[in-house]
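Read top to bottom, the protein sequences are chains A and B.
According to our numbering, the residues represented by the first sequence are 1 to 225, in order.
According to our numbering, the residues represented by the second sequence are 226 to 682, in order.
Heads up, the beta-carbon is just placed ideally off N, CA and C, and yes, glycines get one too.
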Amino acid sequence: MRILLLEDDANTAAYILKGLEEEGHTVDHLADGRDAVAQAISENYDVVILDRMLPSLDGLAIIKTIRSAGRGVPVLFLTALGGVDDRVEGLDAGADDYLVKPFAFSELLARVNALARRPHTKGEETRLKVGDLEIDLVSRKVTRGGDVIDLQPREFRLLEVLMRNRGRVVTRTMLLERVWSFHFDPKTSVVETHISRLRAKIDKPYRKELIHTIRGSGYTVHDGS
Amino acid sequence: MTVRDLLKRTPFRLAATFSLFFITTILTLFTVVYLVASARLVADIRDRVETTLDSLAALDGERTFDDLVALVASESESVRDPDFIMELVDKKGNFLAGNVRGVKDSNQWMTLKRSDLFLTLDRGEPDDEFLAIWRPLVKGKLLVGSDNSEVKQMKSFLQKLLGYGLLAAFLAIALCAAYFARETQHRIDAFARPLARVSGGEITARVPISGQHDDIDQVALQVNEMLGDLQRLIENVNQSSSDIAHDLKKPLGRLRQRLEDARRGAADEDEFQAAIDAALGDIDSITETFDALLRITQIEAGARKSRFVMVDLATVLADVRDVYDIVAEDAGDRLIYTTACSGPAQVRGDRELLVQLFANLVENSIRHCPKGTEIKLHLTSGPGIFIVDVTDTGPGIPEHERENVFRRLYRLERERSTDGSGLGLSLVAAIVELHGAKIELSDGGPGLKVEVKFPSV
Numbered sequence: 001m002r003i004l005l006l007e008d009d010a011n012t013a014a015y016i017l018k019g020l021e022e023e024g025h026t027v028d029h030l031a032d033g034r035d036a037v038a039q040a041i042s043e044n045y046d047v048v049i050l051d052r053m054l055p056s057l058d059g060l061a062i063i064k065t066i067r068s069a070g071r072g073v074p075v076l077f078l079t080a081l082g083g084v085d086d087r088v089e090g091l092d093a094g095a096d097d098y099l100v101k102p103f104a105f106s107e108l109l110a111r112v113n114a115l116a117r118r119p120h121t122k123g124e125e126t127r128l129k130v131g132d133l134e135i136d137l138v139s140r141k142v143t144r145g146g147d148v149i150d151l152q153p154r155e156f157r158l159l160e161v162l163m164r165n166r167g168r169v170v171t172r173t174m175l176l177e178r179v180w181s182f183h184f185d186p187k188t189s190v191v192e193t194h195i196s197r198l199r200a201k202i203d204k205p206y207r208k209e210l211i212h213t214i215r216g217s218g219y220t221v222h223d224g225s
Numbered sequence: 226m227t228v229r230d231l232l233k234r235t236p237f238r239l240a241a242t243f244s245l246f247f248i249t250t251i252l253t254l255f256t257v258v259y260l261v262a263s264a265r266l267v268a269d270i271r272d273r274v275e276t277t278l279d280s281l282a283a284l285d286g287e288r289t290f291d292d293l294v295a296l297v298a299s300e301s302e303s304v305r306d307p308d309f310i311m312e313l314v315d316k317k318g319n320f321l322a323g324n325v326r327g328v329k330d331s332n333q334w335m336t337l338k339r340s341d342l343f344l345t346l347d348r349g350e351p352d353d354e355f356l357a358i359w360r361p362l363v364k365g366k367l368l369v370g371s372d373n374s375e376v377k378q379m380k381s382f383l384q385k386l387l388g389y390g391l392l393a394a395f396l397a398i399a400l401c402a403a404y405f406a407r408e409t410q411h412r413i414d415a416f417a418r419p420l421a422r423v424s425g426g427e428i429t430a431r432v433p434i435s436g437q438h439d440d441i442d443q444v445a446l447q448v449n450e451m452l453g454d455l456q457r458l459i460e461n462v463n464q465s466s467s468d469i470a471h472d473l474k475k476p477l478g479r480l481r482q483r484l485e486d487a488r489r490g491a492a493d494e495d496e497f498q499a500a501i502d503a504a505l506g507d508i509d510s511i512t513e514t515f516d517a518l519l520r521i522t523q524i525e526a527g528a529r530k531s532r533f534v535m536v537d538l539a540t541v542l543a544d545v546r547d548v549y550d551i552v553a554e555d556a557g558d559r560l561i562y563t564t565a566c567s568g569p570a571q572v573r574g575d576r577e578l579l580v581q582l583f584a585n586l587v588e589n590s591i592r593h594c595p596k597g598t599e600i601k602l603h604l605t606s607g608p609g610i611f612i613v614d615v616t617d618t619g620p621g622i623p624e625h626e627r628e629n630v631f632r633r634l635y636r637l638e639r640e641r642s643t644d645g646s647g648l649g650l651s652l653v654a655a656i657v658e659l660h661g662a663k664i665e666l667s668d669g670g671p672g673l674k675v676e677v678k679f680p681s682v
């Protein structure tokens, strides 16, 4: 993946750069807002990672400029502010996802991966398949190995988010945000509980597990082959 | 105090303005009195002149004209210091009788000065004035005039009165103004001194109350109330800052210990890895505390209000139930949601925050109550309000701690050892406040009852 990283703090930039390159991505790093706008518009990137506070140009202004130039490249917004309003402002300006500093690298990686292919899937997929598990987003039907599995709406929603990101890690925070619109960290095991209920229906009765726990990161759905 | 300073003082300016107004009023009043009275006097004099003319003109005629001449002559001679002047002339203007001669001809009322007249008998003051008019007769013309001195006397009397009156009024005003200015200045100074001390850092200083219950006392009371609020706020901020510092020192100390232990004595790679994971966990919990504090501050700042929309409390509570009923079940508890409202319960608010509000309350019950607790979410409506009760059958909160639990970083004595930032209920309180709602903790008999009252739309 080609990634553009706009980050003025040298330490943070080096840390992200190193991590992403280890994952096999090509990363261009810029520290100045003005150069960044030109670069983001003229080059073809898969993802832009953008710091909220940049010298010479505010992160929000950069997103708006990129969007008004007609570039739909997915933008991940990094912010040290972490307030509720900053998130909404960023998303309103046209960012696709946001992440509050300090963050775990696995969280950043999961979000970059989730963003990467999203806008290029022309035409919404309506049938998602992993191994012998298949879900239909229109009829909201779930089948595994030909068996129809009856899911509650909340279980379906959780499975849908996992399936849309099949093969990729979905972090606990991403699940909280996307399944329940929780933008805070619950003090109880909300995610674990719901995942275990889903597993009881999707995985337990079958020989092969499809929902995998990635320790310290999150969950992923894949058939292991 | 220089004159410039004096001019800037409010009491002085008030006194000066008031005096100016007062003096203008007196002057206007005197002018009106003078105009009305003098007009009245002039009318009286003219009446007198006309009456005399009428009675004399009765003798006008071919046969009685000589009698008229004789009468005018005798009348004018009988008057030594004349109040009246008279002149009778024939058709050609020759003097026939009277005590003045050669008065100019006019058919209007004239004001004649004694010094300008040629008087046959003259004993009065030279600047006495007469009000006179000619009347045409068959065989000549008759002038009669009357002394105008009454008008002059009244004028000079009024002028004197005005002069003394103004002087007296001015003195009285000056004394009063000086007195009030001094009094007010004293009280203003008494006001300014403690305020200067507050600015200097002595936050406990208060403005004195005179006990007169006047406007200055009212302001003083309000200022003192404000200073009291300010003091509490400052104490709160100080308290929070030291609470935060304490709260962060504990995990930071733990973090340091872990890292030191790992450097000194990690036996192998795995132990090293475990120490690092634990350290990361500590950092996450510190970050979480910071995030929660930031979130509370931002909610309290109220900017989110601009994003308020209509939210149905019933669906918020149903969503919270859908997330947490199985969490409660796994913890050995039971979560149920009931509503006494038939329709939606619309309030103006922020859905995300309202979900967090009830999620926090439910999580508190799950975490702090023993297994087998029943947690109830119940929605009812009252006149103009919607009430959400969150009750549990757990240990409750002792009455004397109920107010404290909304304080930042406060933890119940029995919870000291468990994790938790001590910010959950502060966040709840901030969200409640933002929505213009009220929250009350009471005894659930047994357990805790949290009642949140929202104004309905």
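7 angstroms CB neighbourhood of residue i in its chain, flanking five on each side removed
i             : result
residue 423/B : 430 and 452
residue 221/A : 130, 162, 163, 166, 210 and 211
residue 314/B : 320, 321, 365 and 366
residue 275/B : none
residue 671/B : 618 and 621
residue 417/B : none
Whole-angstrom distance between residue j and residue i, CA atom to CA atom
i             : j             : result
residue 475/B : residue 657/B : 30 angstroms
residue 75/A  : residue 619/B : 47 angstroms
residue 30/A  : residue 45/A  : 14 angstroms
residue 538/B : residue 449/B : 41 angstroms
residue 203/A : residue 155/A : 13 angstroms
residue 607/B : residue 8/A   : 55 angstroms
residue 568/B : residue 679/B : 16 angstroms
residue 19/A  : residue 459/B : 45 angstroms
residue 500/B : residue 194/A : 29 angstroms
residue 65/A  : residue 56/A  : 14 angstroms
residue 358/B : residue 252/B : 34 angstroms
residue 625/B : residue 669/B : 15 angstroms
residue 400/B : residue 237/B : 12 angstroms
C-beta contact flag for residue i and residue j at 8 angstroms
i             : j             : result
residue 340/B : residue 270/B : no
residue 552/B : residue 591/B : yes
residue 394/B : residue 248/B : yes
residue 131/A : residue 208/A : yes
residue 51/A  : residue 6/A   : yes
residue 597/B : residue 558/B : yes
residue 360/B : residue 260/B : no
residue 186/A : residue 588/B : yes
residue 96/A  : residue 115/A : yes
residue 529/B : residue 575/B : yes
residue 584/B : residue 562/B : no
residue 73/A  : residue 38/A  : no
residue 90/A  : residue 60/A  : yes
Closer than 8 angstroms at the beta carbon, the chain D residues around residue i
i             : result
residue 675/B : No chain D appears in this structure, whose protein chains are A and B.
Contact set for residue i: own chain, Cβ-Cβ below 6 angstroms, skip 5 residues either direction
i             : result
residue 342/B : 325
residue 698/B : Shown here, chain B extends from 226 to 682; a query on residue 698/B therefore has no answer.
residue 137/A : 126
residue 376/B : 263 and 266
residue 635/B : 629 and 647
residue 663/B : 678
residue 188/A : none
Collapsed DSSP secondary structure at residue i in the structure displayed
i             : result
residue 151/A : coil
residue 206/A : coil
residue 277/B : helix
residue 456/B : helix
residue 29/A  : strand
residue 438/B : coil
residue 596/B : coil
residue 622/B : coil
residue 603/B : strand
residue 144/A : strand
Cutoff 8 angstroms; reference residue i; Cβ partners in own chain excluding five residues on either side
i             : result
residue 192/A : none
residue 412/B : 435 and 441
Identify every run of the beta strand (DSSP E) within the region 285-362 of chain B, keeping only runs that are complete inside it and at least 3 residues long; order them along the chain.
309-315, 320-323, 335-338 and 354-361
Runs of alpha helix (DSSP H) wholly within the region 60-116 of chain A (minimum 4 residues, chain order):
84-93 and 105-116
Entirely enclosed alpha helix (DSSP H) segments - the region 530-568 of chain B, minimum 4 residues
538-555
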